[in-house]
Structure formats: structure tokens, C-alpha cells
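These notes concern the structure reproduced below.
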Amino acid sequence: MPMSDVARRWAPRILGLGSCPCLISAALLFASFVAGAEPVGAQAGAFESNRCADCHVATVSPNRSHVTDWQLSAHGRHGVGCEDCHGGDASTFDAALAHRDVGSSSNPSSPVFYSNLPKTCGSCHEAQLEAFAQSRHFELLDETGWRAPSCSTCHTDAGAFLLSSRGLERQCKRCHGAGKRAPHPENPSLARSAHENLVQVREMLEPAVRLISSIEDDTRRARLEQQLEDAQAPLTRAAAAAHAFTYDSFEELLAESRERVEEVWRQLANPEGDAQ
Ligand code: HEC
Ligand code: HEC
Ligand code: HEC
Ligand code: HEC
Ligand code: HEC
Numbered sequence: 101m102p103m104s105d106v107a108r109r110w111a112p113r114i115l116g117l118g119s120c121p122c123l124i125s126a127a128l129l130f131a132s133f134v135a136g137a138e139p140v141g142a143q144a145g146a147f148e149s150n151r152c153a154d155c156h157v158a159t160v161s162p163n164r165s166h167v168t169d170w171q172l173s174a175h176g177r178h179g180v181g182c183e184d185c186h187g188g189d190a191s192t193f194d195a196a197l198a199h200r201d202v203g204s205s206s207n208p209s210s211p212v213f214y215s216n217l218p219k220t221c222g223s224c225h226e227a228q229l230e231a232f233a234q235s236r237h238f239e240l241l242d243e244t245g246w247r248a249p250s251c252s253t254c255h256t257d258a259g260a261f262l263l264s265s266r267g268l269e270r271q272c273k274r275c276h277g278a279g280k281r282a283p284h285p286e287n288p289s290l291a292r293s294a295h296e297n298l299v300q301v302r303e304m305l306e307p308a309v310r311l312i313s314s315i316e317d318d319t320r321r322a323r324l325e326q327q328l329e330d331a332q333a334p335l336t337r338a339a340a341a342a343h344a345f346t347y348d349s350f351e352e353l354l355a356e357s358r359e360r361v362e363e364v365w366r367q368l369a370n371p372e373g374d375a376q
């Protein structure tokens, strides 16, 4: 991020300003002065700053930790803005304009209303949505709005967190188990062991990536890199398929990935044998 953007992003906070947009504009002018850039108005929208985030960081906004989660997350890093989930106009510091299409998450018409999340998140994460849409959970969300897990149950609202195997089991156990509202108390441990298997294959794959990148023979490295990619593909598809919460196609894809990773390791162990 260029220095002037950094200054713009943080100046309101450093100056400890309240919620008044005019003060924030003043802070931005100050920031551009400090950074030796043009006045902000002259290049509004010309840089990739997110004004929702800037203002929500600078002001006493509701749900502060949510904004911090976002900043540190894959979403924050990959330019997925507040407006991608909430709607609104992220290019203005005028709160009324920015919020024009933004409602509270408790409003059923909001894109971040609990049961609308699969559609909102799924607009970017199609493979996960496709699997999720086959589940009983998805039907229930549609029917009842709340009684089943939605995307935020396991990934937090904006932070794109990933659960550990145990964390996943704990989530299932909130609803599945003796005396709980959902049947099939075996679901939590099924989910946990599916995830453990996924992690196991991933942990076989990762050191191979490093090893192969250090191979000097270009032809051999290129061939092994291709094989790694072929092993990674079903693993990615397996992680998406797990969003159906039944694990048949997950297991198939995972087995395919495991076989291919094992083949990569065989070739790494036996440099003479992999010529073809
Ligand atoms: C100039 C400052 C400012 C900007 C720009 C801004 N917000 Fe806000 N926002 C606030 C403040 C302050 C509140 C709390 C008071 C209120 O509801 O108006 C708030 C409230 C909200 C709420 C809660 C709404 C509710 O009804 O509970 C959401 C969601 C939200 N903002 C999202 C956004 C998004 C998304 C953007 C960009 C498209 C954005 N904000 C831009 C300052 C801002
Ligand atoms: C990946 C989607 C996503 C992104 C990105 C995101 N949010 Fe949210 N946000 C949500 C969800 C989901 C909720 C609802 C939480 C709940 O149900 O309690 C929420 C809740 C909120 C709330 C609390 C008020 C309400 O309506 O519940 C505010 C304020 C807010 N977000 C602001 C922001 C701001 C500012 C940004 C950018 C810094 C942002 N959000 C980025 C999904 C997102
Ligand atoms: C505008 C597109 C967009 C929307 C909407 C969106 N995401 Fe993302 N998401 C991304 C991008 C881009 C990444 C980072 C690159 C990647 O991992 O594909 C990402 C990454 C993720 C990751 C992986 C994080 C990691 O460390 O690997 C999860 C989990 C995730 N998003 C969940 C969600 C959830 C849940 C929602 C809805 C509340 C959501 N996303 C909404 C685009 C989006
Ligand atoms: C019951 C828990 C749960 C729910 C609900 C859930 N996920 Fe996931 N999600 C997971 C797990 C577990 C993983 C795999 C984590 C890992 O890679 O270790 C995952 C992975 C992801 C990833 C990263 C995929 C990758 O290959 O890195 C994305 C994106 C994602 N989920 C999106 C969604 C979306 C969108 C929804 C809603 C339609 C959703 N998830 C609902 C548990 C859940
Ligand atoms: C927020 C509550 C909640 C969470 C969390 C949750 N479930 Fe469910 N689940 C339900 C409800 C409610 C049903 C529907 C029961 C019915 O059909 O009456 C259901 C149904 C199912 C079904 C289809 C019916 C069956 O059991 O054969 C499967 C499979 C399932 N859940 C697996 C899981 C797994 C695996 C997890 C964790 C990754 C999980 N669920 C997390 C509430 C939840």
C-alpha cells in the first residue's frame, strides 16, 4: 500500500476523532498533507481504500471486533470489502450515502441476515454453496431462518476463520447429541474424523510443495509440480464437498487426492524411476 494510503487509513484513528464525517474529512486532508499527496476530494475512489472500514475503525461503531477480524482476515487481505457482504457505497465518507442500502443484520431482507448468508457468501464461494445447498441444514434455514448452521457458524461473520477438527466437532455438538434438538448424535464425530483425514492429506502435501520447488532439474520439477496440482485439485474439491455434511463424495475425492500425493512421494523418493 502506498504511504499516502496508509496515512489516510490511519490518520482519523490517530487523531482520535469521533463520528462526525466533517472531522474525518479534515483528518483526511491532514493525512494527504502529511503524505504530500493531493487533497482527497481530487482523487476520491482513485485508491483502493475502503471507506466503510476507515470510518468504522475511526468511529465508535457497533461490532468493533468484527471489523478487526475482517482487517486481519483473508477477506481483508484480498480486497473483499464491507460492501461485498453488506451492500452500500464504499467510496464515500458521507455516512448517509454510504449506508443507503445497508440495513441491520436482523432485518430478513439484509444480505447478512442469517439465512441469507449462503447466497451472499456463495456468490463468491460457489463450490461450498453447491454442496451446502444439498444439505438438510440449507432446507431448514429456508424454512425456519435460524434452526440450522449457516456460513457464519463455522467461519465467523467476516473473518473467514477456519475451524480445527475439534472446533468443528464442537460446533456440531451444539445441536447434535443426546437431549439436543437435532437427531443423529454420531454426526459430530463423523465430521471430526472427516476433517482429521483432510488435514492428514494436506500435511502430506505441504512438505512436498517445498521439496519440489527446490529441485534444480527444470523438466523434473515441472513434471512434479503438475502432479502436485493434480493432487491438490481433488483435495480442494473435497473440502468444498464436506459442506453437504455427509461425507460420501468427500471420501472419494479425498482418497483420490491421497493416492496422487503418495505417488508424488514415491517419485521424490526414487528420482531414477520417475522418467517417462
Ligand atoms: C462516515 C462514517 C461511516 C461510513 C463511511 C460508514 N459507516 Fe457504517 N456506521 C457508522 C456509524 C457511526 C454507525 C452506528 C450508528 C448508525 O447506525 O448510524 C454505523 C452503522 C453501520 C451498520 C449497522 C446498521 C444497523 O442498522 O445496525 C452497518 C451494518 C454498517 N454501518 C455498515 C457500513 C458499510 C457496509 C459501509 C460502507 C458501504 C459503512 N457502514 C460506511 C459510520 C460509518
Ligand atoms: C464476509 C462478509 C462480511 C464482511 C466482509 C463484513 N461483514 Fe459486517 N457483518 C457480517 C455478518 C454476517 C454480520 C451479522 C452478524 C450477526 O448476525 O450478529 C455482520 C454484522 C455487522 C455489524 C453489526 C450490525 C449488524 O447489522 O449486525 C456491523 C456494524 C458491520 N457488520 C460492519 C461491517 C464493516 C464496517 C465491515 C468492513 C470493515 C464489515 N462489516 C465486513 C458480514 C460481513
Ligand atoms: C466478494 C467475494 C466474497 C464474498 C462475498 C465472501 N468471500 Fe470469502 N473469500 C473471498 C476471497 C477472495 C478469499 C481469499 C482467497 C481465497 O481463499 O479464495 C476468501 C476466503 C474465504 C475463506 C478461506 C480463508 C482461508 O484462510 O483460506 C473462507 C472460510 C471464507 N472466505 C468464508 C466466507 C464466508 C463465510 C462468507 C460470507 C459470510 C464469505 N466468505 C464471503 C471472497 C469472498
Ligand atoms: C458446520 C461448519 C461449516 C459451515 C456451516 C460452513 N463451513 Fe465452510 N468450512 C468448514 C470446514 C471444516 C472447512 C475446511 C477447513 C479446512 O480447510 O481446514 C471449510 C472451508 C471453507 C472454505 C475454504 C475452502 C478452501 O478450500 O480453503 C470456504 C471458502 C468456505 N468453507 C465457505 C463456506 C460457505 C460459503 C458456507 C455457507 C454456505 C460455509 N463455508 C459453511 C466448515 C463449515
Ligand atoms: C445450529 C444447529 C446445528 C448445527 C451446529 C449442526 N446441525 Fe446438523 N442438523 C441440525 C438440525 C436442526 C437438523 C435437522 C433435523 C431434522 O431433520 O429434523 C440437522 C440435520 C443434519 C443432517 C441430516 C439429518 C441426519 O442427521 O441424517 C446431517 C447429516 C447433519 N445435520 C450433520 C451435521 C454436522 C456434521 C454438523 C457439524 C459439522 C452439524 N450437522 C451441525 C442442526 C444443526
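Quick note: the sequence shown uses the numbering used here, first residue 101, plus one each step.
Built from N, CA and C at the ideal position, the CB exists for glycine as well.
Starting from the C-beta of residue i, find all residues in its chain whose C-beta is less than 6 angstroms away, skip the five residues before and the five after it, and write them out in chain order.
i	result
glycine 136	Confidence at glycine 136 is low in this model, with a pLDDT of 29, below 50, so the placement of that residue is unreliable and no value is reported for it.
glutamine 228	Ala340 and His343
proline 288	Glu269, Cys272, Lys273 and His276
For residue i, which option in the options has the closest C-alpha, if you only look at C-alpha atoms?
i	options	result
arginine 382	Glu230, Lys280 and His166	In the structure displayed, the chain extends from 101 to 376; residue 382 sits before or after that span and is not available.
glutamine 332	Ser191, Ala355 and His343	Ala355
leucine 268	Ser173, Leu298 and Ala233	Leu298
leucine 353	Glu362, Glu363 and Ala339	Ala339
leucine 311	Gly188, Leu368, Thr220 and Asn150	Leu368
threonine 192	Cys155, Pro218, Ser209 and Leu305	Cys155
Between which residues of its own chain and residue i is the CB-CB distance below 7 angstroms, once the five residues before and five after are set aside?
i	result
alanine 258	His166, Asp169, Trp170, Ser173, His175 and Cys185
valine 301	Leu335, Leu354, Ser357, Arg358 and Val361
valine 364	Ala308, Leu324, Gln327, Leu328 and Ala331
glutamate 239	none
phenylalanine 133	For phenylalanine 133, the predicted structure reports a pLDDT of 28, less than 50, and the residue's modelled location is therefore unreliable. A value from the coordinates is still provided. Excluding positions up to five away in sequence, the list is empty.
Quick one: does the C-beta of residue i sit closer than 6 angstroms to a heavy atom of ligand 5?
i	result
asparagine 297	no
histidine 284	yes
Looking at residue i and ligand 2, is the gap between the Cβ and the nearest heavy atom below 6 angstroms?
i	result
threonine 225	The question names threonine, but residue 225 in the sequence shown is histidine. Checking the Cβ of histidine 225 against ligand 2 gives no.
serine 289	no
Taking 6 angstroms as the cut-off, is the beta-carbon of residue i closer than that to any non-hydrogen atom of ligand 1?
i	result
glycine 159	The question names glycine, but residue 159 in the sequence shown is threonine. Indeed, a heavy atom of ligand 1 lies less than 6 angstroms from the Cβ.
serine 357	no
glycine 188	yes
cysteine 182	yes
By Cβ distance, which residues of its chain are closer than 8 angstroms to residue i, with the 5 residues on each side in sequence left out?
i	result
proline 371	Arg320
glycine 188	Cys152, Cys182, Ala198, His199, Arg200, Asp201 and Val202
When you measure from the CB of residue i to every non-hydrogen atom of ligand 4, does any distance come out below 6 angstroms?
i	result
glutamine 380	In this structure the chain extends from 101 to 376, so residue 380 is not present and cannot be described.
Is residue i a contact residue of ligand 3, with contact defined as CB to any heavy atom under 6 angstroms?
i	result
cysteine 251	yes
Q: Let me know the alpha helix (DSSP H) ranges lying completely inside the segment 224-248, each 4 residues or longer, listed in chain order.
A: As far as the segment 224-248 is concerned, its whole alpha helix (DSSP H) runs of at least 4 residues are 226-232 and 236-244.
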